[in-house]
Amino acid sequence: DTEVTQTPKHLVMGMTNKKSLKCEQHMGHRAMYWYKQKAKKPPELMFVYSYEKLSINESVPSRFSPECPNSSLLNLHLHALQPEDSALYLCASSLRDLSGETQYFGPGTRLLVL
Amino acid sequence: AQRVTQPEKLLSVFKGAPVELKCNYSYSGSPELFWYVQYSRQRLQLLLRHISRESIKGFTADLNKGETSFHLKKPFAQEEDSAMYYCALSGEAAGNKLTFGGGTRVLVKP
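Chains L and W supply the protein sequences, listed in that same order.
Under our numbering, the first residue of the first sequence is numbered 1, with each subsequent residue one higher.
Under our numbering, the first residue of the second sequence is numbered 1001, with each subsequent residue one higher.
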C-alpha cells in the first residue's frame, strides 16, 4: 500500500454537529500532517504528529482536535465549526531518508459547514 | 522565516511551447525544495524534489543557491500538463515544516 487514504471524501455538517475525518497510511511513515486548503490557495499547515506525538499546532482553534491512535492512523475531530471552516482538508505523511524528508498527500476531504 | 514566492499566478502557453514556472525562496540554512502538482479534482502529487535531480513527465528543476531559485521547466508543454503547480520548501531549521508558494496555474492551449 503506497498511498495515503482519507475518509470521507465529502462531508456536510451543521455548526452544532460533531464529526471526524480519518486518514490512514501503511508506508511506515513516521510523521503525519493535517492541512487546510481553500479554493485556489496553497495548503496551510494545521498539525504535525511525529512518532504519534503532537509536535506542531499552528495555533488552530480548539474546535479542531487531532488524534493519532497509532502510527498508521490520524483523525481530526470537528465540533462547533463555522461556515468559514469549509475547505478541503488534506492529510499527508512523510519519511526521512538519505535524500531528505518528503511529504505525500491524501486526496482530501471536502468539508462544507452550513 | 522561510518564504516561497511564485510570481506568476497564471501561465498560458500553446501545446508544444516551452514553459517555465518561477520559484524563489528565502531560507537560513540548507533548504529542501519540491514541486507539487495538483490536477483538477486530484490529490496533490509530488512532481520533483531537488535532491533527486530527476526528470518527471519531462519537467526539470535546478536549485540555484546564488539566486535562491528553483524554477520548473519543460521544453514542450502538453495539454495534460494543465494544472496547479506549487513550489515548496522544507528544512531542519524550520522544524521540517513544508512551506508552499502561492501556486501557478498552467493552462496549455491546443
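In this text, a Cβ means the ideal position worked out from N, Cα and C, and glycines have one as well.
- If you compare the alpha carbons of Lys38(L), Cys91(L), Asp97(L) and Leu73(L) with that of Glu84(L), the shortest gap goes to Lys38(L).
- With contacts defined as CB atoms closer than 8 Å, Lys18(L) and His79(L) qualify as a contacting pair.
- Counting other Cβ atoms within 10 Å of its Cβ, Met27(L) stays below 16 and is therefore classed as exposed.
- For Met15(L), there is no enclosing beta strand (DSSP E), as DSSP marks it with neither H nor E.
- For Met32(L), the enclosing beta strand (DSSP E) begins and ends at Ala31 to Gln37.
- By a beta-carbon distance limit of 8 Å, Leu1063(W) does not contact Leu1021(W). Their separation comes to about 14 Å.
- Neighbourhood of Ile1051(W) in chain L, by CB distance below 7 Å: Ser99 and Gly100, in chain order.
- The secondary-structure analysis by DSSP pairs Val60(L) with nothing; it has no beta-bridge partner.
- Here Arg110(L) is bridged, per DSSP, to His10(L) and Leu88(L).
- Here Leu111(L) is not near Gly14(L), since their CB atoms are 8 Å or more apart.
- Assignment of Asp97(L) by DSSP, reduced to helix, strand and coil, places it in the strand class.
- When DSSP states are grouped into helix, strand and coil, Ala1093(W) belongs to the helix group.
- Neighbours of Gly108(L) in chain W, taken as residues whose beta carbon is under 9 Å from its own, are Arg1043 and Leu1044 in chain order.
- In the three-state scheme derived from DSSP, where H, G and I count as helix and E and B as strand, Pro66(L) is classed as strand.
- The beta carbon of Gly1029(W) sits no closer than 8 Å to any beta carbon of chain L.
- Glu1080(W) sits in a helix when the DSSP states are folded into three classes.
- Across the segment 1070–1101 of chain W, CB contacts with chain L closer than 7 Å involve Tyr1086, Ser1090, Gly1095, Asn1096, Lys1097, Leu1098, Phe1100 and Gly1101, in sequence order along the chain.
- Taking C-beta atoms under 8 Å as the contact rule, Asn70(L) and Glu52(L) qualify, at a distance of about 7 Å.
- Within the DSSP secondary-structure output, Lys1074(W) pairs in a beta bridge with Val1019(W).
- The beta carbon of Asn57(L) sits closer than 7 Å to the beta carbons of Phe47 from its chain, once the five residues preceding and following it are set aside; these are given in chain order.
- A distance below 7 Å between beta-carbons, with the five flanking residues on each side excluded, links Arg1053(W) to no residue of its chain.
- Selection Ala1077(W), Leu1033(W), Gly1091(W) and Asp1081(W) evaluated against Cys1023(W) yields Leu1033(W) as nearest (Cα-Cα).
- With distances taken between CA atoms, Ser99(L) lies nearest to Leu1048(W) out of Arg1105(W), Leu1048(W), Lys1109(W) and Ser1040(W).
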